[in-house]
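Below: the structure, in structure tokens.
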Amino acid sequence: MSDNTIFLREIERGDLPTINAWRADKALVSLLGGAFRYVGAEIDNKWFDSYLGSRAGNVRLAVCLASTQEVVGVTYLLGIDWVNRCAEFSIQIGAQTARGRGIGEAATRQTLEHAFGDLNLNRISLTVLASNARAIALYEKVGFRAEGLLRQAAFKGGRYLDVIPMAILADDRR
Numbered sequence: 307m308s309d310n311t312i313f314l315r316e317i318e319r320g321d322l323p324t325i326n327a328w329r330a331d332k333a334l335v336s337l338l339g340g341a342f343r344y345v346g347a348e349i350d351n352k353w354f355d356s357y358l359g360s361r362a363g364n365v366r367l368a369v370c371l372a373s374t375q376e377v378v379g380v381t382y383l384l385g386i387d388w389v390n391r392c393a394e395f396s397i398q399i400g401a402q403t404a405r406g407r408g409i410g411e412a413a414t415r416q417t418l419e420h421a422f423g424d425l426n427l428n429r430i431s432l433t434v435l436a437s438n439a440r441a442i443a444l445y446e447k448v449g450f451r452a453e454g455l456l457r458q459a460a461f462k463g464g465r466y467l468d469v470i471p472m473a474i475l476a477d478d479r480r
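What the sequence shown shows, in the numbering used here, is residues 307 to 480, in sequence order.
Listed below in structure tokens is the structure:
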């Protein structure tokens, strides 16, 4: 898949119902680091308002199909540290029809290009469940490197899971 199959744009309030539906997908949330929680429209609106007030330190992007403009996922650069030139990355391909098609890789590459090229960041980090082999393979493919192991750092599905911190530097891009 070429990177021009998708495009990124800042999330908008109109995207919230789609994002909220993904948050209600227990199978999807089980792949992510946080605990599953029911989130209503009012909370999503407050979350979005909070984002608007913190845009200087956060970038929240919708992943859209170029052919239809449909929002199929999101990528985030969070906690941007403008002194040390670093941020935390996260991605969620919420639309089931968009998974396994290379969209996550394209979105990750485009987000990293924005981080390193446009924002002049130097280091992007993330954490991933050690059991999420597909995500780890994607992150390694684009240049992220594991930086250790956080033993039993996440509690999901009634058990503790290991978490792998990973990072990529501007010079590491593939």
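The C-beta atom is built at its ideal place from N, Cα and C for all residues, glycine as well.
- In the structure shown, the three-state DSSP call for V389 is coil.
- When rounded, the separation of the alpha-carbon atoms in A393 and G464 is 30 Å.
- Here the region 381-392 lies against the region 423-432, with 3 or more beta-carbon pairs under 8 Å apart.
- Measuring C-alpha to C-alpha distances from E316 to each of G406, L383 and R415 identifies L383 as the nearest.
- Cβ contact annotation for T311 (same chain, cutoff 8 Å, sequence separation greater than five): L371, A372, S373, G408, I409 and A412, in chain order.
- For secondary structure counted as the alpha helix (DSSP H) over 4 or more consecutive residues, the region 340-375 holds these complete runs in sequence order: 347-359.
- Counted as a single uninterrupted DSSP element, the stretch harbouring E318 is not any beta strand (DSSP E), since DSSP gives it neither H nor E.
- W353 and A347 have their C-alpha atoms spaced approximately 10 Å apart.
- Within the same chain, Cβ atoms closer than 7 Å to the Cβ of R319 are found at F354, the five residues on either side in sequence being excluded.
- The secondary-structure analysis by DSSP pairs F395 across a beta bridge with L383.
- If only complete runs of 3 or more residues are kept, the region 426-466 shows the beta strand (DSSP E) at 429-435 and 456-462, in order along the chain.
- With 16 or more other CB atoms across the displayed protein chains lying within 10 angstroms of its CB, I386 is buried.
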